[in-house]
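*Asks:*
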Amino acid sequence: MSSNPKKMISSDEVRQIILENFGEVEYLTTEQYLQLVELTGLIKLNLRYHLKKLQINWKKYQKKPKDSNSLIQTTLNFVDLDETTEPELGREIEKEERERQKMVEKVFVFLSRARTAESVKYKFGTIGLEIFQEFRDKNPDGFILKQGESPYGEVTYYFEQIVNGCVEVKPRIFTIMQSENDRDYLGIIFPQDLDFSERKEDSAIRIIPIDSVTFGDHLCDLGAFKEVLRRLATKPYVFAFFNGNILGGSSYTEFTASDLRHEFKSLIAPVAHKILWAQSGNVEDSASNVDGVDPLRDVCLDLGIHHTVRPVRADVYWKDPLNPIEFYAIHGRSGAKKDGSKLNAILEVAKNQNFPHFTIMGHLEEAIVDDSVVYSADPTNNKIKESKSYLIICPGFRIYTGSVREIKGYTPPVSGRVECIIHSDNAPEATL
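Here our numbering is used: the first residue of the sequence shown is 249, the next is one more, and so on.
1) So what's serine 398 in DSSP terms, helix, strand or just coil?
2) For the candidate residues Ile458, Ala452, Leu495, Arg561, whose alpha-carbon lies nearest to that of glutamate 677?
3) Please report the distance separating the alpha-carbon of aspartate 439 from that of valine 531.
4) Cα separation between threonine 504 and asparagine 305?
5) Relative to the alpha-carbon of isoleucine 640, which residue among Lys656, Gly271, Lys590, Asn602 has its alpha-carbon at the smallest distance?
6) If I follow the unbroken beta strand (DSSP E) through glutamine 409, where does it start and stop?
7) With distances taken Cα to Cα, identify the nearest neighbour of aspartate 459 among Leu508, Arg646, Ile410, Pro388.
8) From aspartate 619 to valine 666, what distance separates their C-alpha atoms?
9) Between Asp563, Tyr565, Pro543, which has its C-alpha nearest threonine 556's C-alpha?
10) Can you have a look at valine 621 and say buried or exposed, based on whether 16 or more other CB atoms are within 10 angstroms of its CB?
11) Is glycine 604 near tyrosine 576, with beta carbons less than 9 Å apart?
12) Out of curiosity, what's the CA-to-CA distance linking asparagine 630 and serine 672?
13) Nearest-angstrom Cα distance between aspartate 330 and tyrosine 275?
14) Count the other CB atoms, across all protein chains shown, that sit within 10 Å of the CB of arginine 558; report buried if there are 16 or more and exposed otherwise.
15) Shortest alpha-carbon distance to tyrosine 405 belongs to which of Gly580, Val417, Asn387, Leu551?
16) Would DSSP call phenylalanine 503 helix, strand or coil?
17) In the segment 257-297, which residue ranges form an unbroken alpha helix (DSSP H) of at least 4 residues, counting only runs that do not cross its ends?
18) Return the CA-CA distance between proline 484 and valine 357, expressed in angstroms with no decimal places.
19) Going by CA-CA distance only, name the one from Gly580, Val597, Glu397, Val273 that's closest to asparagine 493.
20) Is it right to say aspartate 568 is buried, meaning 16 or more other beta carbons lie within 10 angstroms of its own, or is it exposed?
21) Classify arginine 558 as helix, strand or coil using the three-state DSSP reduction.
22) Would DSSP call asparagine 305 helix, strand or coil?
23) Which residues does DSSP pair with threonine 482 in a beta bridge?
24) Ordered along the chain, which non-local residues of its own chain (more than five positions away) have a Cβ less than 7 Å from that of lysine 418?
25) DSSP state of proline 518, grouped into three classes?
26) Taking its Cβ as the centre, do 16 or more other Cβ atoms sit within 10 Å of glutamate 613, making it buried, or is it exposed?
27) Classify leucine 359: buried if its beta carbon has 16 or more other beta carbons within 10 angstroms, exposed otherwise.
28) Just tell me which of Thr482, Asp430, Gly471 has its CA closest to the CA of arginine 454.
29) Looking at the structure shown, is leucine 434 part of a helix, part of a strand, or coil, going by DSSP?
30) Within the segment 586-650, note down every full beta strand (DSSP E) run reaching 3 residues or more, in order along the chain.
31) Buried or exposed: glutamate 574, going by 16 or more other Cβ atoms within 10 Å of its Cβ?
32) Excluding the 5 residues preceding and the 5 following threonine 323 in the sequence, name in chain order all residues of the same chain whose CB lies nearer than 6 Å to its CB.
33) When we look at the beta-carbon of aspartate 546 and count the other beta-carbons within 10 Å, is it buried (16 or more) or exposed?
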């Protein structure tokens with residue numbers, strides 16, 4: 249056959265020439281390769297492109313000999329392809345495995361902070377997405393691929409090291425229901441026959457709002473926080489919720505984040521069954537910039553605690569199934585310094601929520617309880633109904649010495665607790 253160097257040939261035509269002259273092959277010998285150059289009339293670079301597309305391997309070759317004798321000698325100088333194909337293929341496979349292993353390591357490191365599946369694909373392409381899916385199907389030894397949520401509601405994934413010892417949560421005595429329209433509008437239901445005292449009139453549920461702990465900050469008053477946890481652990485009638493700025497701070501870095509989350513989880517695990525819900529604040533928001541993980545959400549996910557980044561409205565049912573005690577809890581962002589300004593801030597919130605029984609605000613690290621009488625129409629009984637509404641600003645768990653407050657000459661923060669009380673006759677009360 250004569251060659252036609254000017255003719256443009258497609259990959260399918262190259263395949264047909266190979267089938268006609270060499271049959272169905274997965275690789276070409278040097279002699280076959282050189283013959284194919286003549287048969288197709290292609291330059292070697294273009295021919296290699298077609299062979300790669302057809303997934304046909306070829307052996308390294310030397311320049312075409314000038315005469316038949318040199319062709320024989322050159323062919324003899326090559327080790328027979330049948331003897332070298334497997335080692336060469338083995339080296340190719342090893343190379344591919346090494347490259348894939350490097351890619352696996354890159355994806356693993358990339359997922360050391362929270363990422364979306366789309367960001368993995370954007371960074372590493374289809375191969376990276378395949379490796380990510382393998383991680384989802386089977387975790388690497390010693391690590392677990394956890395699921396989170398970005399500030400924009402996107403599902404994120406990140407690796408966390410598995411720490412020896414499992415965390416068990418005791419059974420909860422209450423049930424949580426969520427509104428169909430708003431997942432952060434909760435119904436907290438305690439059994440009607442639940443009593444904490446032989447005298448029913450002395451029986452009461454006490455709920456502690458916990459705010460501004462900043463576990464992971466050098467100014468965290470850990471002793472005061474542990475005292476509240478001890479009260480939760482030893483008193484069956486005491487419950488709590490996290491109201492923001494709980495986990496994060498100056499010591500929360502990319503090197504300590506995972507360890508601090510594990511430490512905090514171990515600390516609150518014995519009382520996790522008594523925590524009604526958890527709300528992140530601005531400290532958690534800042535901490536999530538470290539590795540893309542909201543630390544409080546991560547802990548709550550493992551302990552089965554309802555978590556949100558929004559204010560929580562909750563109806564607590566106990567003795568009276570028709571008249572729940574209403575809570576509205578917001579961490580807040582107010583920077584008010586005077587008591588009057590602080591009360592104005594929470595009063596605005598209570599007014600917007602139609603004065604629930606308890607309106608709770610944090611962030612200010614102050615202990616203020618203000619009760620008001622709210623009058624409302626009762627059209628059923630044709631009379632005016634009055635009820636108590638408590639405005640509560642939560643104390644924090646912060647040390648004054650060395651703080652910005654001390655440097656600026658502000659008054660020390662109040663440390664301790666406020667308790668929201670629900671009596672057995674369904675009457676609300678709040679105490680410092």
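Heads up, the beta-carbon is just placed ideally off N, CA and C, and yes, glycines get one too. Fair warning: this is a prediction, and the values are worked out from it, not measured in the lab.
*Replies:* This is what the structure gives:
1) coil
2) Among Ile458, Ala452, Leu495, Arg561, the Cα nearest to that of glutamate 677 is on Ala452.
3) For the record, residue 439 in the displayed sequence is proline; it is not aspartate. Roughly 35 Å separates the two Cα atoms.
4) 51 Å
5) Lys590
6) 403-409
7) Arg646
8) Rounded to the nearest whole angstrom, the CA to CA distance from aspartate 619 to valine 666 is 13 Å.
9) Here the closest residue by C-alpha is Pro543.
10) Per the 10 Å Cβ criterion, exposed.
11) Reading off the sequence shown, one finds proline at residue 604, where the question assumed glycine. For proline 604 and tyrosine 576, yes; Cβs fall inside 9 Å.
12) 26 Å
13) Because the pLDDT at aspartate 330 is just 45, under 50, the model does not fix this residue reliably, and the point stays unresolved.
14) exposed
15) Asn387
16) Here phenylalanine 503 carries a coil assignment [DSSP, helix/strand/coil].
17) 259-270, 278-288
18) 45 Å
19) Gly580
20) exposed
21) coil
22) strand
23) Beta-bridge pairing links threonine 482 to no other residue.
24) His521
25) In this structure, proline 518 counts as helix in the three-state DSSP scheme.
26) buried
27) buried
28) Thr482
29) strand
30) 606-609, 616-626, 631-641
31) Buried, since its Cβ has 16 or more Cβ neighbours within 10 Å.
32) Note that threonine 323 scores a pLDDT of 42, beneath 50, so its modelled location is shaky and nothing firm can be said.
33) buried
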